[in-house]
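Start counting the sequence shown at 15; every next residue gets the next number (the working numbering).
Below you'll find the structure, written out as structure tokens, and then a few comments.
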Amino acid sequence: KIDSAEQQTLAWTELKAKERNSHPSVKENVRPSQLDHVSTTLPALSRAKKLQQRAAEVGFDWTDLDPVLDKIAEELEEVRTTIKQNEGPERLAEEIGDLLFACSNAARLAGFDAETLLRAANRKFEKRFRSMETRFHSRNQTLQSASLAEMEAVWQQIKQMEKQESQHPTDISPPDTTIS
15 KIDSAEQQTL AWTELKAKER NSHPSVKENV RPSQLDHVST TLPALSRAKK LQQRAAEVGF
75 DWTDLDPVLD KIAEELEEVR TTIKQNEGPE RLAEEIGDLL FACSNAARLA GFDAETLLRA
135 ANRKFEKRFR SMETRFHSRN QTLQSASLAE MEAVWQQIKQ MEKQESQHPT DISPPDTTIS
């Protein structure tokens with residue numbers, strides 16, 4: 015009998031492990047893995063989340079975000095070191111991949127889906143970039159003719175405006191409806 019959500023989760027995890035272990039694709043003399051049957055056709059961020067969840071099922075996981083943020087800082091430093099030491103594109107790609115994997119893990123631990131977060135970041139980037147294009151167009155200037163410093167200055171202005179708008183979505187305050 016299952017009396018709690020934790021017991022149900024544990025029973026489900028055990029059932030899935032038994033299914034993985036008895037699956038016909040598990041070859042003889044090959045020890046099954048907790049990571050078996052995580053689809054390789056998933057989008058990379060979704061697969062990373064699934065692999066991390068599988069590892070977490072057996073206790074290989076952090077309990078809060080702080081150590082994951084430390085891991086992200088460590089991976090970022092490895093990217094920087096790889097660049098400084100000119101270790102080559104393959105090594106750099108590997109380190110950037112490790113950084114992305116760590117970021118995916120942070121999203122998972124914070125309760126977010128990394129794919130969803132990246133889609134939102136893409137939309138935000140696109141909105142800001144289009145705003146930047148509009149600003150330069152209103153000055154009869156193209157982005158191609160602008161310097162990186164000019165574009166960065168406009169980009170920062172747009173970010174600042176977005177920040178102000180999010181803090182003060184409208185200049186009109188709703189009427190006070192409290193009764194004294």
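We treat Cβ as the ideally placed atom computed from N, Cα and C, and that holds for glycine.
All of these numbers come straight from a predicted model, not from anything done at the bench.
Residue i (DSSP reduced to helix, strand or coil)
i	result
Ala70	helix
Ala160	coil
Ser53	coil
Lys64	helix
Ile110	helix
Glu28	helix
Glu204	This structure cannot speak to residue 204, because the chain is shown only from 15 to 194.
Gln155	coil
Trp169	helix
Arg122	helix
Closest Cα partner of residue i within the set the options
i	options	result
Arg105	Leu114, Ser18, Val93	Val93
Leu123	Ala135, Asp80, Asn154	Asp80
Lys138	Pro57, Gly111, Lys177, Thr55	Lys177
Beta-carbon proximity check, residue i vs residue j, cutoff 8 Å
i	j	result
Lys63	Ala128	yes
Val52	Arg68	yes
Ala121	Leu131	yes
Arg144	Trp169	no
Leu59	Ser118	yes
Glu89	Ala107	no
Leu157	Glu166	no
Ala160	Phe150	yes
Glu91	Thr27	no
Where residue i falls, given that 16 or more other Cβ within 10 Å makes a residue buried
i	result
Thr96	buried
Ile16	exposed
Glu109	buried
Gln174	exposed
Gln66	buried
N- and C-terminal bounds of the alpha helix (DSSP H) containing residue i
i	result
Val82	79 to 98
Arg149	128 to 152
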